[in-house]
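See below for the structure under consideration.
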Amino acid sequence: MFVSAILAAAGRGTRLGAGAPKQMLMLGDRTILQRSFEIIEAHDEIDEIVIALPKDLAGAPPPYLVSARKPVRIVDGGLRRQDSVANAFARVSDRASVIVIHDAARPFATAGLFSRVIDAAAKGGAAIAAIQASDTVKEATAAPGVRIVAQTLVRESIYLAQTPQAFNREVLEDAIALSRQTTGTATDEASLAEQSGHPVRLVDGEPTNIKITTQQDLDVSNAVLG
Numbered sequence: 078m079f080v081s082a083i084l085a086a087a088g089r090g091t092r093l094g095a096g097a098p099k100q101m102l103m104l105g106d107r108t109i110l111q112r113s114f115e116i117i118e119a120h121d122e123i124d125e126i127v128i129a130l131p132k133d134l135a136g137a138p139p140p141y142l143v144s145a146r147k148p149v150r151i152v153d154g155g156l157r158r159q160d161s162v163a164n165a166f167a168r169v170s171d172r173a174s175v176i177v178i179h180d181a182a183r184p185f186a187t188a189g190l191f192s193r194v195i196d197a198a199a200k201g202g203a204a205i206a207a208i209q210a211s212d213t214v215k216e217a218t219a220a221p222g223v224r225i226v227a228q229t230l231v232r233e234s235i236y237l238a239q240t241p242q243a244f245n246r247e248v249l250e251d252a253i254a255l256s257r258q259t260t261g262t263a264t265d266e267a268s269l270a271e272q273s274g275h276p277v278r279l280v281d282g283e284p285t286n287i288k289i290t291t292q293q294d295l296d297v298s299n300a301v302l303g
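So for the sequence shown, my numbering puts the first residue at 78; every next one is plus one.
Right under this line is the structure:
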């Protein structure tokens, strides 16, 4: 089995308000991007890496991407996340039977999590890391100046999606084809696979697999590093 990894690193991180792409911010002694990349580069089951970067960074990538031990291809990111993934998928090796996608903003995913997701996708076509909701979940409805509870959802059936997410090649092809037909924005490739009619397996995610979106997330991540 030939496994390709797509590292989605083309976002600008406007919610963090740092004035620079969040993946290029320092987390301890390395950038967020470098930490996420190193997880993938060291994984025994992953054969190549395709990275979607903002266009200005793609033209002058960091040295650790250029001197990597595995084949690395760098592509320009698109306007939407799914456009960036589509650009990266176009550069994936023809030999790839499974493609695993990971957000650069999740620098704490473990090798074991990648392995479990890849294995589940190889067997079932598509799989994602996800955490079962532990808090009571409320659905809200809009009201003038306030938010009102519309209903309480059954938390046992609620899962919070993470990455990595992995797909057999044919499943991801269908998902990307669907993304090209819509002007909407998909928050992950699994939702596109679902809309394309493919079942997506859930693999137990990791509470420490934090996505760095806000300054608070960055502060927590630095605290995790100690």
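All residues carry an ideal CB built from backbone N, CA and C; glycine is no exception.
Note on geometry: alpha-carbon atoms of residue 99 and residue 214 lie some 29 angstroms from one another. Closest in C-alpha terms to residue 206, from the list 170, 253, 127, 188, comes 188. Taken through DSSP and simplified to helix, strand or coil, residue 119 comes out as coil. Sequence-distant partners of residue 142 (beyond 5 residues in either direction) whose C-beta falls short of 8 angstroms from its own C-beta, in its chain, are 114, 128, 149, 151.
Looking only at 283, 252, 118, the smallest Cα-Cα distance to residue 210 is reached by 283. Taking a cut-off of 8 angstroms on C-beta distances, the region 196-206 touches the region 231-244, as three or more cross pairs fall below it. By the neighbour-count definition (other C-beta atoms within 10 Å, threshold 16), residue 112 is a buried residue. Contact between residue 253 and residue 166 is confirmed by a C-beta separation of about 6 angstroms, below the 8 angstroms threshold. DSSP places residue 79 in no alpha helix (DSSP H); its state is neither H nor E. Here residue 226 is bridged, per DSSP, to 217. Of 185, 190, 229, 236, the smallest CA-CA separation from residue 110 is found for 185. Rounded to whole angstroms, residue 153 and residue 145 show a C-alpha spacing of 19 angstroms. The beta carbon of residue 256 sits closer than 7 angstroms to the beta carbons of 159, 163, 263, 269 from its chain, once the five residues preceding and following it are set aside; these are given in chain order. The three-state reading of DSSP puts residue 181 in coil, since its state is none of H, G, I, E or B. For residue 140, the closest C-alpha among the options 107, 280, 231, 182 is that of 107. Here the alpha carbon of residue 171 sits roughly 11 angstroms from the alpha carbon of residue 80. Contact annotation: residue 249 and residue 233 have beta-carbon atoms that are not nearer than 8 angstroms. Contact annotation: residue 225 and residue 217 have beta-carbon atoms nearer than 8 angstroms.
The alpha-carbon separation between residue 155 and residue 169 amounts to approximately 16 angstroms.
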